[in-house]
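Going by this note's numbering, the letters in the sequence shown line up with residues 19 to 108, in that order. First comes the structure, then the notes that go with it.
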Amino acid sequence: MVNKGESDLLRASEIGNYEYCARSWWLSRVRCLPSAHLEKMMVGEEAHRSHGRAVVASHRLERLGYLLLLVGGVLALAAGWWWLVAGSAR
């Protein structure tokens, strides 16, 4: 449903809705009738939120993996340097 102040504003999702079903778009935009599929839409919105959380978690784990790889590389270089220095001191 559209507020009076937003009646001239057309969102990208509305264009998608219009492409999918012009009559449905007209009923919701012009006649201000709610969708008959509100429950399914709410389930879909929750699925999108859940997927978004999974994507964010995946990005965090990826960054953690790169950080651990960097720390491992630094430790390997430090161990190699220590081995060379300790070996030449004998």
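The beta carbon of each residue, even a glycine, is placed where N, CA and C say it ideally should be. These figures come from a predicted structure and were not determined experimentally.
Give the straight-line distance between the Cα atoms of residue 68 and residue 58, rounded to the nearest whole angstrom. 15 Å
Taking the alpha helix (DSSP H) that residue 77 falls in, what are its first and last residues? 56-106
Counting along the chain, where does the alpha helix (DSSP H) carrying residue 41 start and finish? 40-47
From residue 47 to residue 65, what does the alpha carbon distance come to, in whole angstroms? 25 Å
Look at the alpha carbon of residue 74 and the alpha carbon of residue 96, and state the distance between them as a whole number of angstroms. 33 Å
Which of helix, strand or coil DSSP assigns to residue 53: coil
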